[in-house]
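Here is the structure we will look at.
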Ligand code: F0G
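Residue numbers (the UniProt record's numbering): 2 to 359.
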């Protein structure tokens, strides 16, 4: 059996890692690519799900953070800084803790999921809530990194993109080729850019025969790339992608053009319905932002854009346990109330409508 050693060691040649390189790893990458028969049946396409919630801190950010923190340390950094809607801060805090350096994390006050907030605190991040949105946090983080001895680990740092493109390498290896379409959530569009690079490298190296059409999705209330303008007060239940001014805007537009790609917007009800569909019919629990890949596929199949039989990969970016309360909310907004009964076998059997075995 092969023991996975994290993306820097697994892709050492591709990421320029040598025997003397600093490697800060928590074992990220090597995540499952799972068939989704329920989605294949529903759409008439061949659907695979790249489950990035299986990374050590529960999101794809770890692929980029291992590279960014390792290279920051090679540059002598004693502290890293990031702005975050939650997952980047959880990842930065964890990798900094492992390396024995400080992570300062700036998050929008009251707008990040509880699981992510608790991760940043658990890993001893210097957590600061900003009275503002993510875009304000990123502006401050960039200014601090320009003027103080702190190393920026947001995805505007190319080391992050370098690490995140390894997900595309894995998919090509797992499927034996690149898919026809790739569906992915978009916030800052760093990951969209990273997958496009990874797939492009694989095609250029002759490892795959194609680059997939890259289909990226934003929440309706937070869809600057779809509208073609900055959104001043972005709003969505998908807090991870509540971003009005994507940092990788120009790179994303180029990537869309290069892959015959697409940016679409999905409203919050459809995001939450897709989250429920994926957890109840495929067995994969993701946070709302991640479910937008599923909603995006349904939307584009309905629009007639995805041919029957096409092979599609959906990246689901973060684990459902990060932000679990959405699962306990019914579609009408009421709270799920689990059934309570007395501690008798017969009563449980009755509630489960079980007839005695013959
Ligand atoms: N999905 C999840 C779960 C995320 O946390 C993010 C971004 C994205 C998708 C979008 O990725 O920004 O590369 O387009 N989260 C960042 C953060 C902003 O701070 O954790 P992107």
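Glycine is no exception: its CB is placed at the ideal position from the N, C-alpha and C atoms.
From the DSSP output, in three-state form, read off residue i for me.
i, result
"residue 99", "helix"
"residue 60", "strand"
"residue 227", "helix"
"residue 135", "helix"
"residue 314", "strand"
"residue 276", "helix"
"residue 204", "helix"
"residue 48", "strand"
To the nearest angstrom, report how far apart residue i and residue j are at their CA atoms.
i, j, result
"residue 124", "residue 143", "22 angstroms"
"residue 342", "residue 330", "21 angstroms"
"residue 309", "residue 161", "35 angstroms"
"residue 218", "residue 91", "23 angstroms"
"residue 299", "residue 41", "11 angstroms"
"residue 288", "residue 220", "13 angstroms"
"residue 70", "residue 253", "24 angstroms"
"residue 19", "residue 77", "18 angstroms"
"residue 1", "residue 294", "The structure shown has nothing for residue 1, since the chain only spans 2 to 359."
"residue 46", "residue 279", "16 angstroms"
"residue 100", "residue 347", "55 angstroms"
"residue 260", "residue 286", "29 angstroms"
"residue 154", "residue 104", "9 angstroms"
Going by the C-beta, is residue i closer than 6 angstroms to any heavy atom of ligand 1?
i, result
"residue 314", "no"
"residue 246", "no"
"residue 242", "yes"
"residue 232", "no"
"residue 319", "yes"
"residue 57", "no"
"residue 157", "no"
With a Cβ-Cβ cutoff of 7 angstroms, do residue i and residue j count as a contact?
i, j, result
"residue 185", "residue 34", "no"
"residue 8", "residue 201", "no"
"residue 227", "residue 190", "no"
"residue 179", "residue 211", "yes"
"residue 316", "residue 51", "yes"
"residue 60", "residue 88", "yes"
"residue 195", "residue 165", "yes"
"residue 323", "residue 116", "yes"
I'd like to know whether the C-beta of residue i is nearer than 7 angstroms to at least one C-beta of chain D.
i, result
"residue 30", "The chain inventory of the structure shown lacks chain D, comprising one protein chain alone."
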